[in-house]
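In my numbering, the protein residues as written are 21 to 471.
Where is the CB? At the ideal position from N, CA and C, for every residue including glycine.
Right, dumping it as structure tokens:
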């Protein structure tokens, strides 16, 4: 009887010991799962904070890029406005130069008419000069000296005009060669040339006025000589034959001088035609410059449209980042809700196991060495991590980046950061590494950040 009682008590004791061991094993597993869940929660929080910081930095960078693009647009508009203003000033200067050219032509024609009138009056006075008297020889010598001086001055003027034409042609060639790169310098040179032309025109006007004054003084001198010749008419009659011969020689020389002057006038007209051709060439170059400016304006408009497209791509990437943040927040809420359910199940299991612990607490139990269940625990943790990955992949958004923006910008990979709070929680409970758990990876959307 005692043996049966002993066997029965031993059987019940073994059963109670097994129940206590199972209860201890279940509580230990629940503590490990709670520690792992806390560690995952802390890691997910750290990853979410890191993602939010990266999104905030990307937003700041996009804002700075948007401000830079707006500043570039303002600068382009200012440059276009300056180009339009400079073009308007260039057209106004061109019109003014044309008006000055027309006025100079009119004055030149009037000067030619006046010179013809002077030549006609000179011919008429040459007829009267046939009646000159004894002082004709001295006057002729003076005229020869004046003629030589005039020839010297005319040669100097011709050389100077040829030099000016050469320099003007050289300047035109340099302007045409550097028109693409130095449009502003060309306009400044045009202003300088206009000022120089104005100065030369003023000097020519002053010189023509001086010549007119000199002609007036010569006319007064001729009138005085005519008066003297009238007084000395008797002496002139005596030397009329000799004077007639000398006058014929003088007329022959005058005709030769007139022929030379006609040839020089033809050379002057030829030089004037060359100047007109150069002016037409400069006008054609101005048209070419205007066409190039229009091409540059079209290129600037294309650049502006490209910048607007990049801004739109940045805004789309920002919207996609906001949707990614929303999906991450929803995933975090789902994990938190699942962990709350697990905690509630563990608390209910503890409440159910408390009466059993109180009933077996006073009875001696043989201490058995607990077995370490590694294979089943690892498989459970792997299945749990795979299920969380499946939920995460289903909640992960597809972030679409424009090909132009992705090609022009680097890709920032978001790396998860282990939180210190998770380490502290894991040190208080069982270590999660020994149970064979794997770290969950957070979605890493490729964020395109423009330079």
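Through-space distance from residue j to residue i, alpha-carbon basis
i: residue 161; j: residue 208; result: 51 Å
i: residue 166; j: residue 307; result: 48 Å
i: residue 105; j: residue 82; result: 34 Å
i: residue 164; j: residue 240; result: 19 Å
i: residue 354; j: residue 74; result: 23 Å
i: residue 35; j: residue 27; result: 12 Å
i: residue 304; j: residue 343; result: 59 Å
i: residue 58; j: residue 360; result: 11 Å
i: residue 100; j: residue 94; result: 10 Å
i: residue 53; j: residue 44; result: 14 Å
i: residue 172; j: residue 103; result: 49 Å
i: residue 330; j: residue 201; result: 30 Å
i: residue 193; j: residue 125; result: 25 Å
i: residue 86; j: residue 72; result: 21 Å
i: residue 225; j: residue 120; result: 13 Å
i: residue 272; j: residue 131; result: 26 Å
i: residue 114; j: residue 139; result: 37 Å
i: residue 42; j: residue 33; result: 14 Å
i: residue 222; j: residue 229; result: 10 Å
i: residue 300; j: residue 311; result: 17 Å
i: residue 157; j: residue 262; result: 11 Å
i: residue 37; j: residue 48; result: 16 Å
i: residue 69; j: residue 309; result: 58 Å
i: residue 357; j: residue 23; result: 55 Å
i: residue 64; j: residue 367; result: 24 Å
i: residue 371; j: residue 67; result: 35 Å
i: residue 295; j: residue 187; result: 12 Å
i: residue 281; j: residue 302; result: 31 Å
i: residue 317; j: residue 212; result: 27 Å
i: residue 278; j: residue 257; result: 29 Å
i: residue 350; j: residue 337; result: 20 Å
i: residue 255; j: residue 227; result: 39 Å
i: residue 112; j: residue 80; result: 48 Å
i: residue 51; j: residue 363; result: 10 Å
i: residue 346; j: residue 333; result: 20 Å
i: residue 147; j: residue 264; result: 11 Å
Within 8 Å, strictly: CB atoms of residue i and residue j
i: residue 298; j: residue 89; result: no
i: residue 78; j: residue 335; result: no
i: residue 174; j: residue 284; result: yes
i: residue 117; j: residue 214; result: yes
i: residue 242; j: residue 145; result: yes
i: residue 234; j: residue 155; result: no
i: residue 324; j: residue 96; result: yes
Three-way DSSP call (helix, strand, coil) for residue i in this model
i: residue 201; result: coil
i: residue 332; result: helix
i: residue 155; result: coil
i: residue 38; result: helix
i: residue 174; result: helix
i: residue 30; result: helix
4 or more residues per run - each alpha helix (DSSP H) lying fully within the stretch 50 to 82: Within the stretch 50 to 82, no complete alpha helix (DSSP H) run reaches 4 residues.
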